[in-house]
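K.L.:
Pasting a structure below so you can have a look.
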Amino acid sequence: MAVHLNWSVLTQSSLAFLHRTFHEAPAPPRLLSVRSQKLSSGSGDPFLSNASGFRPRKSANLDRPEASIGASGSSSYSSSSSSVIDFLTLCHRLKTTKRKGWINNGIKGPESIADHMYRMALMALIAGDLHGVNRERCIKIAIVHDIAEAIVGDITPSDGIPKEEKSRLERAALKEMCEVLGGGIRAEEIKELWEEYENNSSLEANLVKDFDKNMVRSWMSFSIQLQENSRLK
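So for the sequence shown, UniProt numbering puts the first residue at 1; every next one is plus one.
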């Protein structure tokens, strides 16, 4: 039997939850820019199309990584419900941005950045126990390791961007996302986890990097093989 969801009721419930969970601190000054492409209102996502106010107060500039990235404001603000909504709106791009490696290899139905991060988190969850490795931290690192790509997109070697420049762009994007969130403990945790992965500075970060490399190779090979099999039928 089909289940019909009342998105208006669900939206109001979700927003009420945010207001209860995050106290309304004064919102920090809005960001000067992120990148220039506005989030599409026709995304087909019932939550985005129905959630009143589920848009950043300033249009997010999300076209090219060379766009200016800068902000004014203090990290002393704790996350309010409005800043959380702005942050989640920005993170929605992880769901709609497809990974370049898949596209460049001509794979149909390429995975999104969000697909990749979720699969990585599941790998961390179900992996066998390793002495001295904090599983919960592995899961957290997996969840945030590509979060800056909500702004800069999936930069690959084929883009011709030097590794140092890629790192600079992603670090600046992460800083901006943490400011969108309003600073505070959670923003600091996201930054710490991301830096840990970027610098490969712990056993947990090293393990997640291994997951990343092995998963990309095996999953893309599997997808290519599936397409080959479908053509032979």
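Glycine residues also receive a C-beta, built at the ideal position from the N, C-alpha and C atoms.
1) How would you call Asn214, buried or exposed, if buried means at least 16 neighbouring beta carbons within 10 angstroms?
2) Just how far apart, CA to CA, sit Leu181 and Thr97?
3) Nearest by alpha-carbon distance to Lys191: which of Met177, Asp86, Leu203, Ser201 is it?
4) For Ala142 and Cys91, I'd like the C-alpha separation in whole angstroms.
5) What are the uninterrupted segments assigned as alpha helix (DSSP H) that are 4 or more residues long and contained completely in the segment 102-181, given in chain order?
6) Are the segment 147-157 and the segment 121-129 in contact at 8 angstroms, needing three or more beta carbon pairs?
7) Round the Cβ separation of Val144 and Trp194 to the nearest angstrom and send it over; I've been treating them as touching at under 8 angstroms.
8) State the start and end residues of the unbroken alpha helix (DSSP H) segment that holds Ser83.
9) In angstroms, rounded to a whole number, what distance separates the CA positions of Arg171 and Ile185?
10) If we count the other Cβ atoms within 10 Å of its Cβ and call it buried at 16 or more, is Pro46 buried or exposed?
11) DSSP beta-bridge partners for Lys98?
12) Under 8 angstroms Cβ to Cβ from Leu94, same chain only, skipping five residues before and after it: list those, please.
13) For a test of the three-state rule: what should DSSP assign to Asn214, helix, strand or coil?
14) Leaving aside the five residues before and after Lys100 along the sequence, list all residues of the same chain whose C-beta is less than 6 angstroms from its C-beta, in chain order.
15) With Asn199 as the anchor, note down where its alpha helix (DSSP H) starts and where it stops.
16) From Ser202 to Pro162, what distance separates their C-alpha atoms?
17) Can you tell me whether Lys108 is buried or exposed, with buried defined as 16 or more other CB within 10 angstroms of its CB?
18) If we count the other Cβ atoms within 10 Å of its Cβ and call it buried at 16 or more, is Gly183 buried or exposed?
P.N.:
Checking against the coordinates, here is how it stands:
1) Taking the sequence shown and counting its residues from 1, one reaches residue 214 at position 214. Flag for Asn214 reads exposed.
2) For this step, residue 181 is matched to residue 181 along the sequence shown. For this step, residue 97 is matched to residue 97 along the sequence shown. Computed Cα separation, rounded: 21 angstroms.
3) Walking along the sequence shown from the start, residue 191 turns up at place 191. Selection Met177, Asp86, Leu203, Ser201 evaluated against Lys191 yields Met177 as nearest (Cα-Cα).
4) Start at 1 with the first residue of the sequence shown, and residue 142 comes out as number 142. Start at 1 with the first residue of the sequence shown, and residue 91 comes out as number 91. Pairing Ala142 with Cys91, the inter-Cα distance amounts to about 15 angstroms.
5) With a minimum length of 4 residues, the unbroken runs of alpha helix (DSSP H) contained wholly in the segment 102-181 fall at 113-126, 135-144, 149-152, 163-180.
6) Counting Cβ pairs under 8 angstroms, fewer than three are found: no touch.
7) The sequence position of residue 144 within the sequence shown is 144, counting from 1. The sequence position of residue 194 within the sequence shown is 194, counting from 1. Cβ-Cβ separation between Val144 and Trp194: approximately 5 angstroms, consistent with a contact (criterion under 8 angstroms).
8) Working through the sequence shown from its first residue, we reach residue 83 at position 83. According to the DSSP assignment, Ser83 belongs to the alpha helix (DSSP H) that extends over 81-91.
9) Locating residue 171 in the sequence shown gives position 171, where the first residue counts as 1. Locating residue 185 in the sequence shown gives position 185, where the first residue counts as 1. Arg171 and Ile185 have their C-alpha atoms some 18 angstroms from each other.
10) Position 46 of the sequence shown, counted from the start, is the residue given in the question as residue 46. Residue placement at Pro46 is flagged as unreliable, the pLDDT there being 41, under the threshold of 50; a coordinate-derived value is accordingly withheld.
11) Here residue 98 corresponds to residue number 98 of the sequence shown, with the count starting at 1. For Lys98, which the question treats as bridged, DSSP gives the partners Ser112.
12) Here residue 94 corresponds to residue number 94 of the sequence shown, with the count starting at 1. Shown here for Leu94: same chain residues with a beta carbon closer than 8 angstroms to its own, the five before and five after excluded, namely Ser112, Ile113, Ala114, Met117, Asp146, Ile147, Glu149, Ala150 in chain order.
13) Mapped onto the sequence shown, residue 214 falls at position 214. Assigned with DSSP and collapsed to three states, Asn214 falls in helix.
14) As a working note, residue 100 is residue 100 in the sequence shown. Non-local beta-carbon contacts of Lys100 in its own chain, meaning distances under 6 angstroms to residues more than five positions away in sequence, involve Asp154, Thr156 in chain order.
15) Here residue 199 refers to the residue found at position 199 when the sequence shown is read from its first residue. Looking at the DSSP string, the run of the alpha helix (DSSP H) that includes Asn199 is 184-199.
16) By 1-based counting over the sequence shown, the position of residue 202 is 202. By 1-based counting over the sequence shown, the position of residue 162 is 162. If you take the alpha carbons of Ser202 and Pro162, they lie about 25 angstroms apart.
17) Counted from its first residue, the sequence shown places residue 108 at position 108. In this structure Lys108 is exposed. Its beta-carbon is surrounded by fewer than 16 other beta-carbon atoms within 10 angstroms.
18) Translated into the one-based positions of the sequence shown, residue 183 becomes position 183. Classification of Gly183: buried, given that the 10 Å Cβ count is 16 or more.
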